[in-house]
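Read the structure below first, then the notes.
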Amino acid sequence: MTAAFRVVPFSPEYDSSTFESLDQHLTAYLKEGRAARDLSTGQAAIFLMVDGADRVQGYYTLSSASVPRKEAFSGTQARKFPYPQVAVTLLGRVAIHKDLRGQGIGTDLILHALRQAARAAETVASYAVILDAKNEKVAILYTRLGFVPFKDQPLKLFLPMETIRQLP
Ligand SMILES: CC(C)(COP(=O)(O)OP(=O)(O)OC[C@H]1O[C@@H](n2cnc3c(N)ncnc32)[C@H](O)[C@@H]1OP(=O)(O)O)[C@@H](O)C(=O)NCCC(=O)NCCS
Numbered sequence: 001m002t003a004a005f006r007v008v009p010f011s012p013e014y015d016s017s018t019f020e021s022l023d024q025h026l027t028a029y030l031k032e033g034r035a036a037r038d039l040s041t042g043q044a045a046i047f048l049m050v051d052g053a054d055r056v057q058g059y060y061t062l063s064s065a066s067v068p069r070k071e072a073f074s075g076t077q078a079r080k081f082p083y084p085q086v087a088v089t090l091l092g093r094v095a096i097h098k099d100l101r102g103q104g105i106g107t108d109l110i111l112h113a114l115r116q117a118a119r120a121a122e123t124v125a126s127y128a129v130i131l132d133a134k135n136e137k138v139a140i141l142y143t144r145l146g147f148v149p150f151k152d153q154p155l156k157l158f159l160p161m162e163t164i165r166q167l168p
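For the sequence shown, the positions run 1 to 168 when UniProt numbering is used.
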């Protein structure tokens, strides 16, 4: 994370009024109370990237999830899991302010999310971080970090915790 920003747990004390993602759904999620609702109902942990003036410039969400072993993985890989469902961590939403795009800040925020997920997996086990990429361009960003697609689902990607723990 660059020195200009820090990542903090969601709190209404941070100013999200000027936050504007390129994706209006991701803007609305934060500004129209759905993030606060998901936090209060235990559906997502939400982390904000804020600047020196405590203005929100980005965010991500993490949730517990599971994927069916046979749908997600091919033969040999699927067989290593003992149960029909594989415990994973869902990186549900990631967004940065639209004016900050294309400078590597999104990648830094995603790396922060991966490390956070790996730390959480030390106390609540999880095989991998998974996510649904919105489109192929976004998928490329994740494949550069090592994410690989699930069987027959090119935009559904996963990265094992084992790999995340080895990230520099
Ligand atoms: C996705 C997002 C977090 C990436 O942040 P970023 O700081 O722009 O990303 P970085 O600068 O670290 O990396 C840039 C890469 O992102 C990828 N990318 C993601 N969205 C893209 C888009 N709409 N157009 C072009 N490239 C895009 C490309 O691979 C690009 O690489 P390139 O510059 O070599 O072409 C940010 O663009 C964003 O908030 N987008 C809107 C919300 C969104 O799409 N969230 C993801 C939902 S799965």
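Glycine included, C-beta positions come from ideal geometry on N, C-alpha and C. This structure is a prediction, so every number in the text was calculated from the model and none was measured.
- Taking each of Ser11, Gly58, Gly33 in turn and checking the Cα distance to Asp23, the smallest one comes out for Gly58.
- When Cβ pairs closer than 8 angstroms are counted between the two stretches, the region 33 to 40 is seen not to touch the region 67 to 81, the count staying below three.
- Rounded to whole angstroms, the gap between the alpha carbons of Ala125 and Glu32 is 32 angstroms.
- Within the same chain, Cβ atoms closer than 7 angstroms to the Cβ of Glu20 are found at Thr27, His97, Lys98, the five residues on either side in sequence being excluded.
- By the criterion of a C-beta distance shorter than 6 angstroms, Ile105 is surrounded in its chain by Ile96, once the five residues flanking it on both sides are discounted.
- In the DSSP assignment, the residues bridged to Asp132 are Lys156.
- Assignment of beta-bridge partners to Gly58 by DSSP yields Met49, Ile96.
- The beta carbons of Thr143 and Ala117 sit no closer together than 7 angstroms.
- For Ile140, the number of other beta carbons within 10 angstroms of its own is below 16, and it is reported as exposed.
- For secondary structure counted as the alpha helix (DSSP H) over 4 or more consecutive residues, the region 95 to 125 holds these complete runs in sequence order: 105 to 121.
- The closest heavy atom of ligand 1 lies less than 6 angstroms from the beta carbon of Lys134.
- By the neighbour-count criterion, in which a residue is buried when 16 or more other Cβ atoms sit within 10 angstroms of its Cβ, Tyr127 is buried.
- For ligand 1, a non-hydrogen atom lies closer than 6 angstroms to the CB of Val138.
- Inclusion of Leu114 and Ile164 in the CB contact set at 7 angstroms is warranted, their separation being smaller than that value.
- If you check the CB distance, Thr123 and Gly92 do not come in under 7 angstroms.
- Between the C-alpha atoms of Phe81 and Val67 there is a straight-line separation of about 11 angstroms.
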